[in-house]
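Residue numbers (the working numbering): 400 to 1333. Beta carbons: idealized from backbone N, C-alpha and C, even for Gly. For reference, the structure discussed in these notes is given below.
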Amino acid sequence: MNFLRGVMGGPSAGPQPSGTETIQKLCDRVASSTLLDDRRDAVRALKSLSKKYRLEVGIQAMEHLIHVLQTDRSDSEIIGYALDTLYNVISNDLEEEEQDDSEEENLSKQVDDLGSQFTEIFIKQQENVTLLLTLVEEFDFHVRWPGVKLLTSLLKQQGPQVQQIILVSPMGVSRLMDLLADSREVIRNDGVLLLQQLTKSNAAIQKIVAFENAFERLLDIITEEGNSDGGIVVEDCLLLLQNLLKNNNSNQNFFKEGSYIQRMKPWFEVGDDNCGWSAQKVTNLHLMLQLVRVLVSPTNPPGATSSCQKAMFHCGLLQQLCTILMATGVPADILTETINTVSEVIRGCQMNQDYFASVNAPSNPPRPAIVVLLMSMVNERQPFVLRCAVLYCFQCFLYKNQKGQGEIVSTLLPSTIDATGNSVSAGQLLCGGLFSTDSLSNWCAAVALAHALQENATLKEQLLRVQLATSIGNPPVSLLQQCTNILSQGDKIDRRGSKVQTRVGLLMLLCTWLSNCSIAVTHFLHNPANIPFLTGQIAENLGEEEQLVQGLCALLLGISIYYNDNSLENYRKEKLKQLIEKRIGRENFIEKLGFISKHELYSRAAQKPQPSFSSPDHMMFDHEFTKLVKELEGVISKAIYKSSEEDKKEEEVKKTLEQHDNIVTHYKKVIREQDQELEELKQQINILKSQNEQLQATVTQQVSQIQQHKDQYNLLKVQLGKDTQHHNSHGDTLQMNGIQTEEVNKLKEELEEWKTKHELLQGQLREKDSVIEKLKSSQLEMGTEQSSQISKSGGLEHSNELQKNATADPVLGHSSATAAQNSEWKGRLEQEIKELKSEVKALSEEKASLKEYLDSSSSTVAILQDEKSKLQQEVAESKKEQDDLLVLLADQDQKLSALKIKLKDLGVPVEDEDDIESGDQGDDDEDGDEEEQD
């Protein structure tokens, strides 16, 4: 009874009996009343009592309420009351809100159990859930909203069972997807919460929801609400997206193929001023970063992860994340999650790793982002989770990135160290962290350096060249020697944090360095103090905390034996195994070696690549190192028990394997070359195919053209009846062409006549010019004679002159008459010359016009001749076609005659064409006679 009072929230001496009786009466009214108004009032009253008397209403009224949902669907008000009542009975949310912090925990468990039991009763009949799905389809707010809340509560209480019912229901999931398109935000937002519960841990429903365009709708809602600046609706949408994408390869591929990754870029646009972020914005951005990590998680299939990583680079999402990484004022937890996100976006993707290596922090002078992050990792004042995130980022940058590994190791080599000391390199930071007095920095730096050597024998050899200056006046020592020195003096150095942590980190570095590198093993064995230290550590009986160090020392000693090339006489494999037998014992050695894999922290580290530890003390093992232990533990155990003869055989086998590997490498090279040639040939084939397709298209086009010509030819055959007119028109054309030719000939003759006339006139002009010249010359001679006679009679007297003049009168008269005649001839000649010149000019102009007319006539003649030749060709073709048709008609006549003969032979009456024609003629004659009579 106390339990019931607690559930109902009433006092110990409350009105329970009257409440129970009232509920019973109300149930009776719902069941028996014939008036809808009475039933509606009763259901409303049950709703008001359902919060206080949850148990009683649930037990007595559930069946009646379900019956109301089935029978009174026409009245939205009573349906809304019934759904609200069922929600109050089934949901635990109301009880949780009303509980105080001081209430007992067992009461909460009892409340949860009550809601689960009522849910089980409701879904026992699957028709109830199907009915609820139908009601959720109703547009009426008072029906749809309480229906959504009730279905959400059912999924919270009995998720897998309700999911299965909805899954087998026809269009069950599709009907619920329509909630995201509802214009009323309350229903849409509660629809998102409903789909959250629906998609939990059910891959089949997740796929259906995704293919019902959920990604598009959810991303639209996030954009409408303001991306990371949005409210709790954005958070709910992001949680739903995580449900759809996490561990669901099909949906992840659909998300990438649908270009939805590109729509995530605006989420991470941050301004210069990043102070004063609201708690909701931090939550939203945190979920957005987690969503990116879901798509590129190392646990996803490698192909899917790689394609998402490339898409994030090409759309600028990685660049946007790096901007947040280097921005100022970003909250610490967002910065940490951003580092983890960038880590997984670049992990194993060469293109993204190269981009990350080029990112610089906005400092003066600019520093590479890797260097800035490493400074945070080895800085003990930074938060622990941030340092873990930076380590993970560095590991992901070096994962399957030999180029990046080489760049990191090169910063440690003597030839590349900055002598001026102006800039700090990644190598210097790692060495500083490796030898600092902070154990966490030691461990992080050792693991980071181990990742720079992972599966890279060349860099392991190069790192042996690194020399360190320990103190002024002392000679430099190698990095390998310094690591072993610190390892042996671990207890003597005062450190902050766990001393075991520093030794574990250094041992992991040495094991990674020496594995699969015989030269490094030889350098390690050159130091006479190393083997005694290892055997001493393994042989001692230390506490539980030191057992981990003993196991790692055993692993390092085992690596020194397994990868020993027997180049040092005092530390040959056989001698080292004898040493183990004498000082440790083989069984004891194997037992100590097994301490590693049996350790709890080893099992945790082996689960996933990201270093996540609850506290710095638990930071002992690295994920990649656990793989190395798993690989070497068995082979080292076998190597310890092998005899010298077996070792020799193994060496021979190794040499044979090396030779085999060389042969395989050679063939791989040949295969690569052949693959390259094959690719080139494929490209040539593709080119030839494209050319072939073009030629095929050309052939098809030509075939179609030929077909068109055939069709035209057949059309000409059909139009043979018009050939006579065609020939007549050709004749007319030819006559016209003949007339034009005669005109041209006449014009040519006229031109020739004009030419001859022109030449005659030119001759006459030349003759008259010669006459003029003669007259001029005779006139000049007469003038000279007169002058000579005048000069001879100059000394006579005046009287004599008069006499001479009188006697010379006939001569003077003759000369004057000659001069007058000459002048007259001269005038005439000049006039004729002028007339001739004008006539010549007119003739020249007429000649030019005639020449132009002749040229145009010649071109017209040429055109007409071309047309004539074409027409002649057409006539010839038409004649040929007519001949072919005549042949065909003759063949048809022969066939027709043969068929008529056959028909006559068979006794079928057949009329001859002559009879038919004569009959037709007779009819025509009769018609003519009738017309005459008329």
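Contacts around residue i, its chain only, beta-carbon distance under 7 Å, and the 5 residues preceding and following it disregarded
{"i": "glutamate 1023", "result": "His850, Gln853"}
{"i": "valine 547", "result": "Val535, Leu578, Ile586, Asp589, Gly590, Leu593"}
{"i": "arginine 583", "result": "Phe540"}
{"i": "tyrosine 1001", "result": "Ile995, Phe1020, Thr1025"}
{"i": "asparagine 751", "result": "Gln708, Phe712, Leu717, Val744, Ile745"}
{"i": "glutamate 476", "result": "Arg439, His541"}
{"i": "leucine 531", "result": "Gly546, Leu549, Leu550"}
{"i": "asparagine 527", "result": "Ile465, Phe521"}
{"i": "leucine 643", "result": "Thr598, Gln605, Val608, Ala609, Ala613, Asn650"}
Cross-strand partners of residue i (DSSP beta bridge)
{"i": "valine 876", "result": "Leu867"}
{"i": "aspartate 837", "result": "Arg895"}
Per-residue DSSP class, three states only, for residue i
{"i": "aspartate 1254", "result": "helix"}
{"i": "aspartate 577", "result": "helix"}
{"i": "proline 767", "result": "strand"}
{"i": "aspartate 1290", "result": "helix"}
{"i": "arginine 428", "result": "helix"}
{"i": "cysteine 952", "result": "helix"}
{"i": "leucine 1114", "result": "helix"}
{"i": "aspartate 1304", "result": "helix"}
{"i": "cysteine 843", "result": "helix"}
{"i": "methionine 570", "result": "coil"}
{"i": "glycine 984", "result": "coil"}
{"i": "tyrosine 1040", "result": "helix"}
{"i": "serine 674", "result": "Note on identity: in this sequence residue 674 is cysteine, with serine being the wrong assignment. Here cysteine 674 sits in coil by DSSP."}
{"i": "isoleucine 930", "result": "helix"}
{"i": "isoleucine 660", "result": "coil"}
{"i": "serine 914", "result": "coil"}
{"i": "serine 1190", "result": "Note that serine 1190 has pLDDT 41, beneath the 50 cutoff, so the model's placement of it is unreliable and the number below is only indicative. Correct three-state label for serine 1190: helix."}
{"i": "lysine 645", "result": "coil"}
{"i": "asparagine 491", "result": "coil"}
{"i": "leucine 941", "result": "coil"}
{"i": "valine 669", "result": "coil"}
{"i": "asparagine 612", "result": "coil"}
{"i": "glycine 418", "result": "helix"}
{"i": "asparagine 963", "result": "coil"}
{"i": "aspartate 483", "result": "helix"}
Cβ-based neighbour list, residue i, same chain, cut-off 6 Å, excluding 5 preceding and 5 following
{"i": "glutamate 970", "result": "One point to set straight first is that residue 970 is tyrosine, not glutamate, in the sequence displayed. Around tyrosine 970: Leu924."}
{"i": "alanine 938", "result": "Arg982, Ile983"}
{"i": "valine 632", "result": "Asn588, Glu624"}
{"i": "glycine 957", "result": "Ile1035"}
{"i": "serine 501", "result": "For serine 501, the predicted model reports a pLDDT of 45, less than 50, meaning its position is unreliable; a value from the coordinates is still stated below. Excluding residues within five positions, none has a Cβ falling inside 6 Å."}
{"i": "methionine 576", "result": "Glu611"}
{"i": "glycine 629", "result": "none"}
Cutoff 8 Å; reference residue i; Cβ partners in own chain excluding five residues on either side
{"i": "valine 903", "result": "Trp842, Leu947, Val948, Leu951, Met1019, Phe1020"}
{"i": "tryptophan 739", "result": "Per the sequence shown, residue 739 should be read as asparagine rather than tryptophan. Answer for asparagine 739: Leu688, Arg692, Ala788, Tyr791, Cys792, Gln1009, listed in chain order."}
{"i": "valine 572", "result": "Ile565, Leu566, Leu597, Ile604, Ile607, Val608, Glu611"}
Of the listed residues the options, nearest to residue i (C-alpha basis)
{"i": "asparagine 650", "options": "Ala1004, Glu624, Asn612, Pro730", "result": "Asn612"}
{"i": "leucine 639", "options": "Glu668, Phe667, Lys606", "result": "Lys606"}
{"i": "serine 809", "options": "Gln866, Gly935, Lys1154, Gln1090", "result": "Gln866"}
{"i": "leucine 434", "options": "Thr470, Ile458, Ala460, Lys451", "result": "Thr470"}
{"i": "tyrosine 486", "options": "Leu445, Leu1174, Val429", "result": "Leu445"}
{"i": "leucine 812", "options": "Asn699, Leu797, Gly826", "result": "Gly826"}
{"i": "glutamine 556", "options": "Glu999, Val1052, Phe517", "result": "Phe517"}
{"i": "serine 742", "options": "Gln781, Leu797, Asn1091", "result": "Leu797"}
{"i": "threonine 869", "options": "Glu1231, Ala580, Cys882", "result": "Cys882"}
{"i": "arginine 1227", "options": "Lys1167, Gln880, Gln525", "result": "Lys1167"}
{"i": "aspartate 1254", "options": "Arg1165, Leu1150, Ser1277", "result": "Leu1150"}
{"i": "glutamate 1242", "options": "Ala1289, Gln1281, Glu1158", "result": "Reading off the sequence shown, one finds leucine at residue 1242, where the question assumed glutamate. When each option's Cα is compared against that of leucine 1242, the closest is Glu1158."}
Pick out the complete beta strand (DSSP E) segments inside the region 771-820, 3 residues or longer, and give them in chain order.
none
Which ranges would you report for the alpha helix (DSSP H) in the region 700-765 if only whole runs of at least 4 residues count?
Counting whole runs of 4 or more residues, the region 700-765 contains the alpha helix (DSSP H) stretches 701-713, 716-725, 731-745, 749-757.
Please give me, in chain order, every unbroken run of the beta strand (DSSP E) with length at least 3 that falls completely inside the region 994-1019.
none
Complete runs of the alpha helix (DSSP H) confined to the region 580-609 [at least 4 residues]:
584-597
Starting from the N-terminal side, write out each stretch of the alpha helix (DSSP H) that is 4 residues or longer and does not extend beyond the region 430-472.
435-449, 453-470
Fully enclosed by the region 509-564, which alpha helix (DSSP H) runs are 4 residues long or longer?
Qualifying alpha helix (DSSP H) stretches, in chain order: 525-535, 540-556.
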